[in-house]
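Have a look at the structure below, then the notes.
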Amino acid sequence: MTINSFFLYPKSPFHFDGTFHKPSHFPNKLPLDDWQPGKYWQLMRVGEKLFGLRIEDRGDVYNPKLKVTAYFNFDNLRDDRLKDGKTKLPQSELELIKKEIIYRYELDQDLSDFIKLTKKNKRFTPVFNRWLGMRNSCEHNLYELLIISIVLQNATVHRSVQMLDNLLVKYGDQTEFDHKKFYAIWRPENLKYVSEQKLRNLKIGYRAKFIKRLTEDFIDKKVDEFSLRKMTKESARNELMKLYGVGPETSRILLFEALHHYDAFDHIAPWQQKIYSQLFYNQPLVSANKIKKDIIKHYGRYSMLAVHYIWEDIFWRRKNEKIDWLEKEIRL
DNA sequence: CATCAGGGCCCTG
DNA sequence: CAGGGCCCTGAT
């Protein structure tokens with residue numbers, strides 16, 4: 001294994017912990033990443049290779065600076081193609097990794113318009129101030145996030161965790177760096193010859209068919225993450241909705257998290273509606289249309305981003321404090 | 001023991 | 001456009 005480190009300088013302001021840890025995401029047993037204040041670890045796929053990343057906070061909100069340590073050439077990977085035997089990482093690959101980190105964690109995003117907007121509506125100003133500089137980041141590539149979205153469909157959190165873990169044990173890449181063990185979601189190619197029945201054996205139910213067909217679409221380049229990244233929200237949504245097993249909620253997740261469209265607020269799932277109703281109205285249930293109208297009125301093209309701040313804020317609070325109405329709606 | 005809904009989506013009529 | 005069915009699981 002070899003190691004390479006470098007620095008990255010996010011656009012100011014930047015909130016390290018808010019960006020690298022999202023407490024609303026479900027914690028699976030087989031870790032895809034790890035976080036402690038000021039430090040973050042994950043396995044990241046760039047091209048066909050897998051890298052271990054340790055990202056450390058070496059600055060502050062107004063002078064952000066990240067130290068990135070990249071580990072590669074693991075000895076213990078199942079797939080030999082993922083290591084190339086070279087000990088030094090070529091400059092071109094290093095640039096690719098940097099670009100990918102910058103994209104997934106939105107390090108270059110200019111949030112000044114959004115920040116101005118959040119000052120207009122006083123009600124949530126404390127929340128926006130608390131997380132000033134937080135990004136809508138996504139540790140995963142599009143395929144990986146799609147897999148996670150599929151196991152989330154029509155299941156309780158507990159079962160989603162079980163489904164993902166079953167899949168990871170069988171098909172994920174497992175490796176260790178910086179004295180920590182991590183899993184990474186497989187490349188589509190690694191699932192190519194796995195039958196639907198084999199997948200069903202992992203208790204993922206009818207989702208097996210979705211994963212099978214979606215994986216084929218990625219292998220056949222019917223979906224290309226990099227061209228989707230360049231599209232408008234509407235065209236990207238159209239493309240995603242064509243995929244078998246991708247509906248309004250899954251495409252919203254992908255548009256917002258993986259493709260970073262801040263206005264991807266077209267769809268509100270019933271369980272989210274209940275949480276939004278409490279957060280925004282202190283009421284058990286407000287109509288989804290009203291919620292949508294009100295949020296868009298206040299936050300316009302930043303509607304989903306604004307909701308993300310308020311959403312994550314309550315889940316941060318939940319770490320130290322019991323919030324009864326929230327516990328009820330999360331349904332582990 | 002049976003029944004049911006769940007952090008959606010597909011398919012049919 | 002509405003509504004039934006889908007895999008499986010834990011709750012009732």
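Per full-length UniProt numbering, residue 1 is the first one in the first sequence, and the count goes up by one each step. Positions of the beta carbon are idealized from the N, C-alpha and C atoms, including for glycine. The structure displayed is predicted, hence computed values, not measured ones.
Local conformation of residue i per DSSP, three classes
| i | result |
| --- | --- |
| Asn4 | strand |
| Tyr299 | helix |
| Glu176 | strand |
| Arg135 | coil |
| residue 333 | Here the chain comprises residues numbered 1 to 332, so residue 333 is not present and cannot be evaluated. |
| Ser331 | For clarity, residue 331 is Arg in the given sequence; the question names Ser instead. Coil at Arg331, not helix or strand. |
| Val169 | helix |
| Thr156 | coil |
| Asp294 | helix |
| Glu321 | coil |
| Leu285 | coil |
| Ala258 | helix |
| Ala306 | helix |
| Pro248 | helix |
| Phe315 | helix |
Pick from the options that is closest to residue i, judged by C-alpha positions
| i | options | result |
| --- | --- | --- |
| His298 | Ala258, Lys120, Trp186, Phe16 | Lys120 |
| Glu234 | Lys221, Thr215, Phe256 | Phe256 |
| Gly133 | Phe124, Leu117, Ser112, His140 | Ser112 |
| Ile115 | Arg123, Asp108, Asn129 | Asn129 |
| Met1 | Gly18, Thr69, Pro37 | Thr69 |
| Ile268 | Asn282, Glu225, Asp217, Pro248 | Pro248 |
| Glu189 | Arg135, Gly47, Glu56, Phe26 | Gly47 |
| Ser149 | Ile310, Phe6, Asn282, Leu240 | Leu240 |
| Leu77 | Asp110, Pro64, Leu43, Gln91 | Leu43 |
| Ile330 | Lys292, Pro270, Ile295, Ile296 | Pro270 |
| Val223 | Gln153, Asn141, Val151 | Asn141 |
Beta-bridge partners of residue i, as assigned by DSSP
| i | result |
| --- | --- |
| Tyr183 | Gln174 |
Check your understanding: With a cut-off of 8 Å, do at least 3 Cβ pairs link the stretch 152-172 to the stretch 276-295?
Key -> no
**Study point:** Complete runs of the beta strand (DSSP E) confined to the stretch 3-73 [at least 3 residues]
**Key:** 33-36, 39-46, 49-57, 66-72
Check your understanding: Taking only runs of the alpha helix (DSSP H) that begin and end inside the stretch 189-236, which ones reach a length of at least 4 residues, in chain order?
Key -> 196-200, 207-219, 225-230
Review point. Can you find at least 3 beta carbon pairs, one from the stretch 257-267 and one from the stretch 302-311, that sit closer than 8 Å?
Key: yes
Check your understanding: Just checking, does the stretch 173-183 make contact with the stretch 215-225 on the three C-beta pairs under 8 Å criterion?
Key -> no
**Study point:** Validate contact between the stretch 60-68 and the stretch 186-205 using beta carbons, cut 8 Å, 3 pairs
**Key:** no
Practice item. Could you tell me whether the stretch 309-316 touches the stretch 22-37, using the rule of 3 or more Cβ pairs below 8 Å? Key: yes
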